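Read through the structure below, which is laid out as structure tokens, and then see the notes.
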Amino acid sequence: MTDADRRRWDERYESLGPAPVGALEPPGFVAPHVDVFPTAGTALDLACGQGRGAVWLARRGLHVLGLDVSAVAICHARDLARRSAGGDRCQFSVFDLDNGLPAGPPVDVILCHKFRDRRLDQALIERLAPGGLLAIAAFSEVGAAPGPFRARRGELRAAFAELDLVAAGEGHGSAWLLARA
Ligand SMILES: C[S@@+](CC[C@H](N)C(=O)[O-])C[C@H]1O[C@@H](n2cnc3c(N)ncnc32)[C@H](O)[C@@H]1O
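Heads up: the sequence shown runs through residues 11 to 191, numbered per my numbering.
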């Protein structure tokens with residue numbers, strides 16, 4: 011990522027301020043499928059932003075590593091984890107996913123909400139432990155204007171076809187998929 015893009019994300023998170031703990035809800039596409047998420051094991055939250063998804067997973071019982079390119083977002087995520095029950099099961103690192111996934115052991119859950127980098131698809135599949143769950147949502151061209159960061163119609167299903175589909179949907183400018191290794 012360019013320094014200018016990274017600065018834009020930092021500025022965006024500076025203007026937002028830290029996330030409130032409140033009633034931490036899972037990302038919208040996850041909410042109807044909470045029961046397919048394990049309550050123990052390990053997880054990655056990719057492009058985790060302020061860590062709301064990571065902390066939700068940690069509250070559920072998972073040990074979570076959240077990665078984001080924005081140092082401000084990671085600062086907010088650490089702060090949110092400190093203020094949340096179960097937050098001690100979270101770790102956060104500043105990491106540019108343009109460099110691929112960092113090396114690490116297989117995980118039971120990969121959460122990737124509102125971030126799409128097709129170059130990572132195979133690495134995501136390979137990082138899942140047997141039976142591990144991928145939960146991914148991206149901006150979509152379906153129900154919205156085409157754009158470079160938007161998934162094309164059917165893109166997520168095609169990209170992760172070798173996983174066992176749990177549920178998927180697309181429309182209103184977003185696409186999501188839950189699938190198991
Ligand atoms: C739309 S936000 C989604 C944040 C979070 N997943 C959520 O649902 O609130 C996209 C996130 O991707 C991060 N991001 C963008 N490019 C990245 C990259 N190359 N490596 C790591 N994070 C990146 C941004 O900093 C931002 O936090």
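Ideal Cβ positions, reconstructed from N, Cα and C, are used throughout, including at glycine. Source: prediction; values computed, not measured.
- Judged by DSSP secondary structure, Ser25 falls outside any beta strand (DSSP E) and instead within the alpha helix (DSSP H) spanning 13–26.
- According to the DSSP assignment, Gln132 belongs to the alpha helix (DSSP H) that extends over 131–137.
- In the three-state scheme derived from DSSP, where H, G and I count as helix and E and B as strand, Ala91 is classed as helix.
- Residue environment: Phe159 is assigned as exposed (fewer than 16 neighbouring CB atoms within 10 Å of its CB, all protein chains considered).
- The beta-bridge partner set that DSSP reports for His123 consists of Ala147.
- Ala113 and His182 have their C-alpha atoms spaced approximately 35 Å apart.
- For Arg69, the closest C-alpha among the options Phe170, Leu54, Leu34 is that of Leu34.
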